[in-house]
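Residue numbers (this note's numbering), protein chains in the order written: chain L, 996 to 1227; chain H, 14 to 293; chain B, 84 to 313.
We treat Cβ as the ideally placed atom computed from N, Cα and C, and that holds for glycine.
These figures come from a predicted structure and were not determined experimentally.
Notes for the one structure printed next.
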Amino acid sequence: MHHLVIDRWSRGSSSLHQRDPRAKLAALLVFLVVLSTTRPGAQWAFVAYAVLLILTANLARLPILGLASRAALVLPFSATFALLTWWSGDSLRALALAEKSFLSGTAALLLVGTTPLTGWTAALESWRVPRMLILVIQFVYRYLFVIAEQVQRMRWAALCRGPKQRGFRLAAGLVGVLFARSWQRADGIYHAMLARGFRGRFVPAPPAPFRSSDALFLSTCLAGCLAIRMLL
Amino acid sequence: MHIPDGFLSTPVWATLDVVSAPAVAWVARRAQRDTQDNRIPLLGVMGAFVFAAQMVNFPVGPGTSGHLVGGALLTVVLGPAAASLVLTAILVLQALIFQDGGVLALGANVFNMALAGVAAAYLANRLWAHASRSVAIFAAGALSVMTSACLALGQLLISGVPMTGGVLWASLGLFLISAIMEGAITVAAVRAIERLNPAWITPQPATSRAVAAIAMAALVLVVVGTLIASAAPDGIQRLTMQGVDSVGWRARTMAGLVGIAMIFALCYLGGKLKSRRRSA
Amino acid sequence: MSRVIQIAGLRYRYPDGTQALDGIDFHLNSGESVALFGANGSGKTTFVLHLNGLLRGEGSIEICGMRLADGTLEQIRSKVGVVFQDSDEQLFMPTVLEDVAFGPLNLGLSPDDALTRARTVLKRVGMAHAFERAPYHLSAGEKKRVAIAGVLAMDPEILVLDEPTTFLDPPTRRDLLSLLRSLPQAKVVVTHDANLARALTSRAVFFDQGRITGQGDVIEIIQRFHWEYS
Ligand SMILES: Nc1ncnc2c1ncn2[C@@H]1O[C@H](COP(=O)(O)OP(=O)(O)OP(=O)(O)O)[C@@H](O)[C@H]1O
Ligand SMILES: [Mg+2]
């Protein structure tokens, strides 16, 4: 499954993996903003962005092809609009749509491929994203796999009892049962939390220090992006 | 419809990020206030549930199938604030991990789906609750999808992604079909859940219908306003999209209005029929 | 020998009307291990959920000399460590280390102390290699160990295990068994596994439709209720 691969990537040990998540998140935002404001048709700039991303992926020891193929998930959507744009006679813009969305996706993957979920959620939290939202993100991610597996098993079970079983009501029933199981699971989790002394508040982990190497990393990214943006 | 990065012009994504951030903070505070602690795992598991439920195919007609989008279902089960929060969490995960929707465009996607979509679902559910549960829930599902899709379309148009009249009508047609499908799927899912345990569907708190109607009108104005604005010439935008034959604002607005009006009409008729059958 | 659990006349009815417990009397001495047998649906899990006040039925429950009531709930929860049947429900934090530290943090330990304690118990259960792993990547046996670590980190006096060996293969069961035997706490073990019960406990209690219909020596109970399939 897609997110399991990313999870595995994020547990690497390259120097990029060791950078403070806040530095990486900030670098991602800088890159995206710079990319977003690059004018269509500045082809050299796009090439330079791609090179920057490849270098970073190399530094992180992530598979370039794996990254690219995952980032390509966005392409069907982009391609549709790019075609429409092409059709209306604006080929530069069409190309830019595809390029920008693909490069943005790759950059986001580089962040989550080098930072475990706990890292980037901690970064978001230190930027005062509401704690409640952070907790929900963590819980959703934690149980994604468990519940998706349940769907798979239920679908198989339905298939085993009749290969032609298809129907609106059947699907609705499946969703209903899935809901019920999820609800009971949530109850179970809550029980397990109470059993270990939960008193309505998660005790947050202390933030790690922001080191000078993190600052150096961020400023290098900043300089690189701005240079490309201004010069090309 | 998740908008990736690279599609929205800078003023559009920046504005929507600026609008959505405090809105999410507000929603989080509200959700925290009205939920007991046992709801924190519940919200998370419900988010995972929506993710997983989207994998279940609902056959509609020969060879085609749709799936649950889930915004309206979450709204009916968890209430609007918690539903917004859960959808925001899902959108964050989709943007960063699943390459579904952009990071800079997160504000736009949150606005369209987690805020406006949930508001539409909530208001529709309140507005038609008197007619019948099914109509109310159908309206909630259909209007939430229609609202999100129209807003996304409008934002793309404002950003200068060109569309010819034919394409525009085709997308609105598609939206309408997905909206109706989401309505039907949400009704079926809520029924199935209620059969298992009616207590899981939270009763709607009593807000007056007049307030709901006004809020709904405001929401429709926002949606239609976005579509109108998307036709209004923006100096810089115009320069970059020379030669693009954009459809006149009348056509766009009409298209959006027609879609929403059709759903309204459908729900209205459904409500009338149901209440007539009940009184008969 | 002191009584760590003393229960009299416990009844519980689920909101939907199911009478899951119908007058249970039960006791456990310090350091003792007792097995809970009974058919599916006989009320074992429901009973277990009462031992630390997650469910509150009628009747009296005394844990380590304290009567279970609103005021003593917190203390009792730190004394009774429950390991649930479904490890996925028990391991909800993003990493193994954070999950084990969850309990100590709730007890009011400083983050550093909590992490130190979490590391110590993880080593004790043989999971020192998995501190930063995410719980969903673990095997069923590893999950169970981490779940036990999470409970041990609270330093409980009583360990309650609900079907600890489901989903585990025989070698993993053996490892788990030797781990459990090495722990000094008094234990309540809900199980369908007669071998586990014989190896781990001396006394057994038999549940039937929310009542205890037999208790005594494990081997004798297993024979009396034919609680083996061979
Ligand atoms: N949340 C619930 N709501 C209503 N009834 C329940 C609930 N949980 C359990 N029951 C019912 O209470 C009775 C006792 O269930 P319990 O789970 O305690 O049995 P058990 O002995 O643990 O069974 P098993 O060996 O299958 O785990 C059963 O009849 C069950 O159907
Ligand atoms: Mg049980």
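Query raised in the report: With DSSP run on the structure shown, which of helix, strand or coil describes B:L151?
Result: Here residue 151 of chain B refers to the residue found at position 68 when the third sequence is read from its first residue. In the three-state reduction of the DSSP assignment, B:L151 falls in the coil class.
Query raised in the report: For L:V1131, which residues of its own chain have a beta-carbon under 8 Å away from its beta-carbon, when the five flanking residues on both sides are left out?
Result: The sequence position of residue 1131 of chain L within the first sequence is 136, counting from 1. Taking L:V1131 as the centre and dropping the five residues before and after it, the same chain places no C-beta closer than 8 Å to its C-beta.
Query raised in the report: Given that a residue counts as buried once 16 or more other Cβ atoms are within 10 Å of its Cβ, and exposed if not, what is B:Y97?
Result: Taking the third sequence and counting its residues from 1, the one referred to as residue 97 of chain B is at position 14. The residue in question, B:Y97, is exposed, as its Cβ has fewer than 16 Cβ neighbours within 10 Å.
Query raised in the report: Measuring CA to CA, which of H:A121, H:Y281, H:A142, H:G179 is closest to H:T28?
Result: Start at 1 with the first residue of the second sequence, and residue 28 of chain H comes out as number 15. The residue among H:A121, H:Y281, H:A142, H:G179 with its C-alpha nearest the C-alpha of H:T28 is H:A121.
Query raised in the report: Excluding five sequence neighbours on each side, which residues of the same chain lie with their C-beta closer than 7 Å to the C-beta of H:I225?
Result: Indexing the second sequence from 1 puts residue 225 of chain H at position 212. Residue identity differs from the one stated: residue 225 of chain H is Ala in this sequence, not Ile. A distance below 7 Å between beta-carbons, with the five flanking residues on each side excluded, links H:A225 to the following residues of its chain, in chain order: L136, R139, L140.
Query - Spatial distance of L:L1119 from L:T1215 (CA atoms) - result: Here residue 1119 of chain L is taken as the residue at index 124 of the first sequence, counted from 1. Here residue 1215 of chain L is taken as the residue at index 220 of the first sequence, counted from 1. Taking the straight line from one Cα to the other gives about 22 Å.
Query raised in the report: What first and last residue would you give for the beta strand (DSSP E) that runs through H:R204?
Result: On the second sequence, position 191 is the one that residue 204 of chain H refers to. Boundaries around H:R204 are those of the alpha helix (DSSP H), 178-209, since no beta strand (DSSP E) includes it.
Query raised in the report: If you pair each beta-carbon of the region 149-160 of chain B with each one of the region 218-231 of chain B, do three or more pairs fall below 8 Å?
Result: The region 149-160 of chain B is not in contact with the region 218-231 of chain B.
Query - Neighbour list for B:V165 in chain L, Cβ cutoff strictly below 7 Å - result: For the purposes of this step, residue 165 of chain B is taken as residue 82 along the third sequence, with counting starting at 1. Those within 7 Å of B:V165 in chain L are A1190.
Query raised in the report: Below 8 Å between beta carbons: does that hold for L:T1080 and L:K1019?
Result: Here residue 1080 of chain L corresponds to residue number 85 of the first sequence, with the count starting at 1. Here residue 1019 of chain L corresponds to residue number 24 of the first sequence, with the count starting at 1. The answer is no: Cβ separation not under 8 Å.
Query raised in the report: H:R251 CB to nearest chain L CB: under 8 Å?
Result: Within the second sequence, the letter at position 238 stands for residue 251 of chain H. Any answer about H:R251 is weak, because its pLDDT of 44 lies below 50 and its placement is not dependable; what the coordinates show is given next. Contact with chain L is absent for H:R251, since none of that chain's Cβ atoms lies less than 8 Å from the residue's Cβ.
Query raised in the report: If the cut is a Cβ gap below 7 Å, which residues of chain L does H:D18 touch?
Result: Translated into positions along the second sequence, residue 18 of chain H becomes position 5. Simply L1027, S1031, K1095, S1096, S1099.
**Report entry** Any C-beta of chain L under 8 Å from that of H:R208
**Finding:** The residue you call residue 208 of chain H lines up with position 195 of the second sequence. Contacts with chain L at 8 Å (Cβ-Cβ) include H:R208.
Requested in this report: Please state whether DSSP places L:L1185 in a helix, a strand or coil.
Outcome: For this step, residue 1185 of chain L is matched to residue 190 along the first sequence. One point to set straight first is that residue 1185 of chain L is Tyr, not Leu, in the sequence displayed. Shown here, L:Y1185 sits in a helix according to DSSP, grouped into three states.
Query - B:I90 (DSSP reduced to helix, strand or coil) - result: For the purposes of this step, residue 90 of chain B is taken as the residue at position 7 of the third sequence. If DSSP states are grouped into helix, strand and coil, B:I90 belongs with the strands.
**Report entry** Exposed unless 16 or more other CB atoms sit within 10 angstroms - verdict on H:N125
**Finding:** Indexing the second sequence from 1 puts residue 125 of chain H at position 112. H:N125 should be labelled buried.
Query - For H:A242, three-class secondary structure by DSSP - result: The residue you call residue 242 of chain H lines up with position 229 of the second sequence. If DSSP states are grouped into helix, strand and coil, H:A242 belongs with the helices.
Query raised in the report: When you compare only the Cα positions, how much space is there between H:V203 and L:R1176?
Result: Reading the second sequence from its first residue, position 190 is the one you call residue 203 of chain H. Reading the first sequence from its first residue, position 181 is the one you call residue 1176 of chain L. About 15 Å.
Report task. Within the region 248-278 of chain B, note down every full beta strand (DSSP E) run reaching 3 residues or more, in order along the chain. Result -> Restricting attention to beta strand (DSSP E) runs no shorter than 3 residues, the region 248-278 of chain B encloses them at 269-273, ordered along the chain.
Report task. Work out the CA separation of H:A127 and L:A1055 for me, nearest whole Å. Result -> Walking along the first sequence from the start, residue 1055 of chain L turns up at place 60. Walking along the second sequence from the start, residue 127 of chain H turns up at place 114. Cα to Cα, the separation comes out at about 34 Å.
Query raised in the report: At a CB-CB cut-off below 9 Å, which residues of chain L make contact with H:W182?
Result: Position 169 of the second sequence holds residue 182 of chain H. Contact of H:W182 with chain L by beta-carbon distance below 9 Å is absent, the smallest such distance being about 13 Å.
Query raised in the report: Who are B:V165's beta bridge partners in DSSP?
Result: As a position in the third sequence, residue 165 of chain B is number 82, starting the count at 1. Bridge partners of B:V165: B:V243.
Query - L:F1076 - containing beta strand (DSSP E), residue span - result: Taking the first residue of the first sequence as position 1, residue 1076 of chain L is located at position 81. For L:F1076, no beta strand (DSSP E) encloses it; the enclosing alpha helix (DSSP H) starts and ends at 1070-1082.
**Report entry** Proximity test, B:K127 beta-carbon vs ligand 1 heavy atom, cut-off 7 Å
**Finding:** To locate residue 127 of chain B, count along the third sequence from 1; it is residue 44. At least one heavy atom of ligand 1 is found less than 7 Å from the C-beta of B:K127.
Requested in this report: Pick out whichever of H:L209, H:F151, H:T177 has its Cα sitting closest to the Cα of H:C280.
Outcome: Position 267 of the second sequence, counted from the start, is the residue given in the question as residue 280 of chain H. The closest CA to that of H:C280, considering only H:L209, H:F151, H:T177, is found on H:F151.
Report task. Verify the CB distance criterion: does L:S1121 have a CB-CB separation below 8 Å to chain H? Result -> In the first sequence, counting from the first residue as 1, residue 1121 of chain L sits at position 126. Closer than 8 Å: no.
Query raised in the report: So, does the CB of L:S1073 fall closer than 8 Å to a CB anywhere in chain H?
Result: Along the first sequence, one-based indexing puts residue 1073 of chain L at 78. Under the Cβ distance rule, L:S1073 counts among the residues neighbouring chain H, one pair being separated by less than 8 Å.
Report task. Return yes when the C-beta of L:T1051 is under 7 Å from any heavy atom of ligand 1, and no when it is not. Result -> By 1-based counting over the first sequence, the position of residue 1051 of chain L is 56. Exclusion of L:T1051 from the 7 Å shell around ligand 1 follows from its C-beta lying no nearer than that to any non-hydrogen atom of the ligand.
Query - Straight-line gap, L:A1222 to B:L262 (C-alpha atoms, nearest Å) - result: Here residue 1222 of chain L refers to the residue found at position 227 when the first sequence is read from its first residue. Here residue 262 of chain B refers to the residue found at position 179 when the third sequence is read from its first residue. Going by the C-alpha atoms only, they are around 60 Å apart.
Query - Positions along the region 150-180 of chain H whose CB lies within less than 9 Å of some CB in chain L - result: Here the close residues are L169, G173, V174, P175, M176, T177, V180.
Query - Helix, strand or coil at L:L1112 according to DSSP, with G and I counted as helix - result: Translated into positions along the first sequence, residue 1112 of chain L becomes position 117. Looking at L:L1112 - three-state DSSP - the assignment turns out to be helix.
Query raised in the report: Is there a Cβ from chain L that is less than 8 Å from the Cβ of B:N135?
Result: Residue mapping note: residue 135 of chain B aligns to position 52 of the third sequence, counting from 1. Interface residue, yes.
Report task. Pick helix, strand or coil for B:V208, following the three-state DSSP scheme. Result -> For the purposes of this step, residue 208 of chain B is taken as residue 125 along the third sequence, with counting starting at 1. Of the three classes helix, strand and coil, the one that applies to B:V208 here is coil, per DSSP.
Query raised in the report: For B:D169, is the beta carbon positioned less than 7 Å from some heavy atom of ligand 2?
Result: In the third sequence, counting from the first residue as 1, residue 169 of chain B sits at position 86. Checking every heavy atom of ligand 2 against the Cβ of B:D169, none is found closer than 7 Å.
Query raised in the report: Is the distance from the Cβ of H:V158 to the Cβ of H:V82 below 8 Å?
Result: Here residue 158 of chain H refers to the residue found at position 145 when the second sequence is read from its first residue. Here residue 82 of chain H refers to the residue found at position 69 when the second sequence is read from its first residue. Yes; because the gap between Cβ atoms is below 8 Å, this pair is in contact.
Query raised in the report: Any Cβ of chain L within less than 8 Å of the Cβ of H:D103?
Result: Here residue 103 of chain H is taken as the residue at index 90 of the second sequence, counted from 1. Here residue 103 of chain H turns out to be Ile, not Asp, going by the sequence shown. Cβ-Cβ to chain L under 8 Å: yes for H:I103.
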